[in-house]
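*Asks:*
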């Protein structure tokens, strides 16, 4: 069954799909030249000393069914083959920008978190500016050795201190120099600019889409749906069920097959989860597989003392959830009578 056919067969919602990429570390030997896909790069799991594989997924919002995957070299931040696609998307945005629906959302929790972050960063910059100004004044009084400060050197140092989002906008810095004099540094925190930043930007997110028939709620739901693909990756990094690791291969061809097999397993699990949900059994993939694992076939031997024992197939004792799944999937049909 193809992925497009699966989407049609299970009537999956494909109006809004979610794309993301991650990577998986491997234990392929550093000097193994048979794989060009496994490369050293920035591991998202902190294993940068190992060769890694990049994997991109496109999943549905309902049940996180993977409809597309792409395996790429682990040292690529963005898959090279997608560069043309990205350019096409940018061109399309430029053509359709005037007809995009634009929505501004506000989140009070986000606003408060941003305020706390900015206040912390402002305090750090104030301390560094104070220390630098004190050091600069010591040089002016002849109590510090070193090269004579210049306007350019002072401005460069201040720019480095104020590196970071919003910081340059929140401080008013003046570097002045009279003829044949050493430059002086003055600074102050701009409270007016801070209030303007709070009013215009903090707590707000700008969303745009060409789906102008969507309601505001649909647009926000789609934006917040990125967790669907993140859940799919989290499942593939689970060491017990549908795990991408370990990959017992080291050639590109077999690694491609390995990736396909893993994504196919994830798709089948997602479709089974969809099937159970439609029978009013709502479970995560992990919980579903844990429960299915408890359903086991048992062969009971009956003997009268003469001849070969008679066997009777049955199943293990089921808890209420397992029994519900057993009945919903009609698993009893696989027990011969």
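Residue numbers (my numbering): 325 to 661.
Glycine included, C-beta positions come from ideal geometry on N, C-alpha and C.
(1) Alpha carbon to alpha carbon, how far is residue 428 from residue 531?
(2) With 16 as the cutoff for other CB atoms within 10 Å, does residue 342 come out buried or exposed?
(3) Note down the Cα distance separating residue 490 from residue 475, rounded to an integer number of angstroms.
(4) Which residues in the same chain have their Cβ closer than 7 Å to the Cβ of residue 527, if we skip the five residues on either side of it in sequence?
(5) Evaluate residue 442 with the Cβ neighbour count: other Cβ atoms within 10 Å of its Cβ, from every protein chain shown; 16 or more gives buried, anything less gives exposed.
(6) Mind checking who residue 740 pairs with in its DSSP beta bridge?
(7) Apply the 10 Å Cβ neighbour rule to residue 279 and answer buried if 16 or more other Cβ atoms are within range, or exposed otherwise.
(8) Just mark residue 364 as buried or exposed, buried being the case when its beta carbon has 16 or more other beta carbons within 10 Å.
(9) Go through its chain and collect everything with a Cβ distance to residue 620's Cβ below 6 Å, but skip five positions before and after it.
(10) With which residues is residue 344 paired in a DSSP beta bridge?
(11) Have a look at residue 450 and residue 525 and give me their C-alpha separation to the nearest angstrom.
(12) Per DSSP, what kind of secondary structure is residue 624 in: helix, strand or coil?
(13) Name the residue from 394, 522, 424 and 509 whose alpha carbon lies nearest to the alpha carbon of residue 587.
(14) Residue 349 and residue 371 - do their beta-carbons sit closer together than 8 Å?
(15) Assign residue 541 to buried or exposed, taking buried as 16 or more other Cβ atoms, counted over all protein chains shown, within 10 Å of its Cβ.
(16) On the premise that residue 377 lies in contact with residue 383, defined as a C-beta separation below 8 Å, what is that separation, rounded to the nearest angstrom?
(17) Could you give the C-beta distance for residue 497 and residue 482, rounded to a whole number, given that I count them as a contact under 8 Å?
(18) List, from N- to C-terminal side, the alpha helix (DSSP H) runs of 4 residues or more that fit wholly inside the region 579-657.
(19) According to the Cβ coordinates, are residue 590 and residue 559 closer than 8 Å?
(20) Considering only the alpha carbon of each residue, which of 456, 595 and 461 lies closest to residue 484?
(21) Do the CB positions of residue 347 and residue 368 come within less than 8 Å of each other?
(22) Relative to the C-alpha of residue 565, which candidate in 556, 552 and 572 has its C-alpha closest?
(23) Helix, strand or coil, according to DSSP, for residue 428 in the structure here?
(24) When the Cα atoms are used, what is the spatial distance from residue 454 to residue 488?
(25) Judging by CA-CA distance, which residue of 386, 603, 494 and 506 is the nearest neighbour of residue 515?
(26) Could you tell me which of 600, 478, 544 and 614 sits nearest to residue 562, measuring between CA atoms?
(27) Just mark residue 473 as buried or exposed, buried being the case when its beta carbon has 16 or more other beta carbons within 10 Å.
(28) What does the alpha-carbon distance come out to for the pair residue 459 and residue 518?
(29) Assuming residue 392 is part of the beta strand (DSSP E), what are its boundary residues?
(30) Name the residue from 554, 537, 461 and 604 whose alpha carbon lies nearest to the alpha carbon of residue 649.
(31) Please list, in chain order, all residues of the same chain as residue 412 whose beta carbon is under 6 Å from its beta carbon, the five residues on each side excluded.
(32) Compute the Euclidean distance between the alpha carbons of residue 553 and residue 381, then round it to the nearest angstrom.
*Replies:* So, to answer that:
(1) Against the chain shown, residue 428 aligns to sequence position 104. Against the chain shown, residue 531 aligns to sequence position 207. Rounded to whole angstroms, residue 428 to residue 531 spans 6 Å at the Cα level.
(2) Residue mapping note: residue 342 aligns to position 18 of the chain shown, counting from 1. Result: buried.
(3) To locate residue 490, count along the chain shown from 1; it is residue 166. To locate residue 475, count along the chain shown from 1; it is residue 151. So the two alpha carbons sit approximately 23 Å from each other.
(4) The count along the chain shown starts at 1 and reaches residue 527 at position 203. 430, 431, 432, 434, 435 and 438.
(5) By 1-based counting over the chain shown, the position of residue 442 is 118. With 16 or more Cβ atoms within 10 Å of its Cβ, residue 442 is classed as buried.
(6) The question about residue 740 has no answer, for the chain in this structure spans 325 to 661.
(7) Summary: the structure shown does not reach residue 279, with the chain confined to residues 325 through 661, and so no result is reported for it.
(8) Residue numbering aside, residue 364 sits at position 40 when the chain shown is read from its first letter. Exposed, by the Cβ-count rule.
(9) For the purposes of this step, residue 620 is identified with residue 296 of the chain shown, where counting begins at 1. So the list reads 640, once near-sequence residues are dropped.
(10) Counting from one through the chain shown, the residue named residue 344 turns up at place 20. 381, per the DSSP bridge assignment.
(11) Here residue 450 corresponds to residue number 126 of the chain shown, with the count starting at 1. Here residue 525 corresponds to residue number 201 of the chain shown, with the count starting at 1. One C-alpha to the other measures close to 22 Å.
(12) In the chain shown, residue 624 corresponds to position 300, counting from 1. Correct three-state label for residue 624: strand.
(13) Sequence index remark: in the chain shown, residue 587 carries index 263 (1-based). Of the listed residues, the one whose Cα sits closest to residue 587 is 394.
(14) To locate residue 371, count along the chain shown from 1; it is residue 47. To locate residue 349, count along the chain shown from 1; it is residue 25. Cβ atoms of residue 371 and residue 349: closer than 8 Å.
(15) The count along the chain shown starts at 1 and reaches residue 541 at position 217. Taking a 10 Å sphere around the C-beta of residue 541, we find fewer than 16 other C-beta atoms and assign the residue as exposed.
(16) On the chain shown, residue 383 is found 59 positions in, with the first residue counted as 1. On the chain shown, residue 377 is found 53 positions in, with the first residue counted as 1. Approximately 18 Å separates the beta-carbon atoms of residue 383 and residue 377; this is outside 8 Å, ruling out the contact.
(17) Counting from one through the chain shown, the residue named residue 497 turns up at place 173. Counting from one through the chain shown, the residue named residue 482 turns up at place 158. Right, their Cβ atoms sit about 5 Å apart.
(18) 609-617 and 644-652
(19) By one-based count along the chain shown, residue 590 stands at place 266. By one-based count along the chain shown, residue 559 stands at place 235. Contact flag set, yes.
(20) Your numbering for residue 484 matches position 160 in the chain shown. Minimum Cα distance to residue 484 is reached at 456.
(21) Taking the chain shown and counting its residues from 1, one reaches residue 347 at position 23. Taking the chain shown and counting its residues from 1, one reaches residue 368 at position 44. Contact flag set, yes.
(22) Against the chain shown, residue 565 aligns to sequence position 241. The residue with the shortest Cα to Cα distance from residue 565 is 556.
(23) Here residue 428 refers to the residue found at position 104 of the chain shown. If DSSP states are grouped into helix, strand and coil, residue 428 belongs with the strands.
(24) By one-based count along the chain shown, residue 454 stands at place 130. By one-based count along the chain shown, residue 488 stands at place 164. When rounded, the distance between both Cα atoms is 18 Å.
(25) Translated into the one-based positions of the chain shown, residue 515 becomes position 191. Cα-wise, what sits closest to residue 515 is 494.
(26) Taking the chain shown and counting its residues from 1, one reaches residue 562 at position 238. When only C-alpha atoms are compared, the closest one is 614.
(27) Position 149 of the chain shown, counted from the first residue, corresponds to residue 473. Under this definition residue 473 is a buried residue.
(28) Numbered from 1 along the chain shown, position 135 holds the residue referred to as residue 459. Numbered from 1 along the chain shown, position 194 holds the residue referred to as residue 518. In a straight line, the C-alpha of residue 459 is about 28 Å away from that of residue 518.
(29) The residue you call residue 392 lines up with position 68 of the chain shown. That run of the beta strand (DSSP E) goes 390-397.
(30) The sequence position of residue 649 within the chain shown is 325, counting from 1. Of 554, 537, 461 and 604, the residue nearest in Cα terms is 604.
(31) For the purposes of this step, residue 412 is taken as residue 88 along the chain shown, with counting starting at 1. With a pLDDT of only 45 at residue 412, under 50, the local geometry of the prediction cannot be trusted, and no value is derived from it.
(32) Mapped onto the chain shown, residue 553 falls at position 229. Mapped onto the chain shown, residue 381 falls at position 57. Taking the straight line from one Cα to the other gives about 7 Å.
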